[in-house]
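Chains as they are written, first to last, in my numbering: chain A, 1 to 55; chain B, 56 to 367. Even glycine gets a Cβ: it sits at the ideal position worked out from N, Cα and C. From a predicted model like this one, the values you see are computed outputs, not experimental measurements. Notes follow the structure.
Written out as structure tokens, the structure reads:
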């Protein structure tokens, strides 16, 4: 039986994945530079009333 | 002694649960349970784990996403989207199968021995989580805002069972002042939590299959993730054992990169001819026994019943 090439296994796909990783890194850098980390931290260290069903 | 795949996975799941919730002492503080307030909470955990759980050491990515998009200044969170994209491209739903604390809770619930037949969800149920992701996580915090332009984290508020179980119950039970503020919302969340927990006893990973927005994101990225499932079609004897053992109702031979596959590895462990591999990279098939070309039989009986079907 001949093996069909599986979708997502070629070099092209590896490049797509690496490209997506690059985009992810870029997004994180943009987010950090906009001060999003401080918003996340502020929300996470204070009691989130919505999360526990009181908000 | 060879450690089974199941045991290895369980050990990793328990370790991940412990790392996500390492501040256990916060449950027993004077004056009631308190949250960890250190700098690690600026980082997101890969799995669903409420940051209002007193033991939580990291932020929940779904909660973090909503908190940024619901803030006054921003309608999109590059930081959290970037984080989810990176984790999803690297690991896909491996996170669900190995690293998610709420996934472990559901798996333990599914072990409760009830006299049950195998419950199956209707096919449309797996699509509900994509609706939850779009409506409750992406749209409502941005669209439904108050007078100063702030939106509530709608998924956390109305649905998230992790928040109720790991945050709500321990905090409310140790803080009498919070008990006085209980209203319809808490009753709704308790009702939903109980329904999800019962669902998880009857159906393997009920919440992951139907409602989890994080599973929806990683499911989409399963298609392109580095960590993937590969089937060697030359070795596969189509015995169907992999599909039989799959708790997520996936047929790995037909859909190796299925959006439902949590990469638990049960199929690879069950394959009698070693045709399934899960990991980074492509299948090489070095250590798998080769089948005989015409019959599909390896010569080492693995009870796959191929011979019975083919009258060999």
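Residue 22/A: member of the alpha helix (DSSP H) spanning 11-33, first to last residue. The alpha-carbon of residue 51/A is positioned some 47 Å away from that of residue 288/B. Residues 118 and 218 of the same chain have their beta carbon placed closer than 6 Å to that of residue 211/B, with the five preceding and five following residues left out of the count.
Contacts with chain B (Cβ-Cβ distance below 9 Å) from the region 42-53 of chain A involve 42, 43, 44, 45, 46, 47, 48, 49, 50, 51, 52 and 53, listed in chain order.
Proximity to residue 147/B across 327/B, 304/B and 270/B peaks at 270/B, based on C-alpha coordinates. Just so you know, the alpha carbons of residue 75/B and residue 275/B end up roughly 24 Å apart.
Between residue 153/B and residue 109/B, the alpha-carbon positions lie close to 22 Å from each other. No Cβ of chain A is located within less than 7 Å of the beta carbon of residue 298/B. One thing to note: residue 286/B has its Cβ within 7 Å of the Cβ of residue 330/B.
Residue 196/B and residue 311/B have their C-alpha atoms some 35 Å from each other. Contact annotation, residue 121/B with residue 192/B: C-beta distance approximately 6 Å; criterion of less than 8 Å satisfied. Excluding sequence positions up to five before and after residue 220/B, its CB lies within less than 7 Å of the CB of 248, all in the same chain and listed in chain order. At least one C-beta of chain B is nearer than 7 Å to the C-beta of residue 31/A.
Distance from the Cα of residue 100/B is smallest, within the candidate group 111/B, 320/B, 91/B and 93/B, for 111/B. Cβ proximity to chain A below 8 Å picks out 207, 208, 211, 212, 215, 218, 219, 222, 223, 226, 227, 233, 236 and 237 from the region 204-237 of chain B. Between residue 215/B and residue 187/B, the alpha-carbon positions lie close to 11 Å from each other. The beta-carbon distance between residue 69/B and residue 159/B, rounded to whole angstroms, is 7 Å. This is short enough to meet the 8 Å contact definition. Contact of residue 323/B with chain A is not assigned, every C-beta pair being separated by 7 Å or more. Below the 9 Å Cβ cutoff, chain A contributes no neighbours of residue 273/B, its closest Cβ being approximately 13 Å away. Separation of the CB atoms of residue 19/A and residue 207/B is rounded to 35 Å, and the pair is thereby denied contact status at 8 Å.
Around residue 225/B, the same chain offers 82, 88, 108 and 109 as residues with beta carbons nearer than 8 Å, after the five sequence neighbours per side are excluded. Excluding sequence positions up to five before and after residue 281/B, its CB lies within less than 7 Å of the CB of 144, 145 and 335, all in the same chain and listed in chain order. In chain order, 206 place their CB closer than 6 Å to the CB of residue 199/B, counting only its own chain and leaving out the 5 sequence neighbours on each side. Each of 181/B, 245/B, 318/B and 92/B was checked against the Cα of residue 262/B, and the nearest Cα belongs to 181/B. Taking C-beta atoms as the reference points, residue 41/A and residue 136/B fail to come closer than 7 Å. Closest in C-alpha terms to residue 265/B, from the list 279/B, 321/B, 228/B and 303/B, comes 303/B. Against residue 96/B, the close residues of chain A are 41, 44 and 45, in the order they occur along the chain (beta-carbon pairs closer than 7 Å). Among the residues of chain B, those whose CB is under 9 Å from the CB of residue 21/A are 140, 141, 144, 145 and 281, following chain order. Interface residue (Cβ-Cβ distance to chain A less than 7 Å): residue 176/B is not classified as such. Per DSSP, the unbroken alpha helix (DSSP H) holding residue 265/B starts and ends at 261-265.
With contacts defined by Cβ atoms closer than 7 Å, residue 53/A and residue 254/B do not form a contacting pair. The beta carbons of residue 39/A and residue 123/B sit about 5 Å from each other, so the pair counts as a contact at 8 Å.
Annotation: residue 295/B has no Cβ neighbours in chain A at a cutoff of 8 Å; minimum Cβ distance is about 17 Å. For residue 283/B, the enclosing beta strand (DSSP E) has its first and last residue at 282-286. Annotated as proximal: residue 150/B and residue 273/B, with beta-carbon spacing under 7 Å.
Separation of residue 94/B and residue 175/B (C-alpha to C-alpha, rounded to the nearest whole angstrom) is 43 Å.
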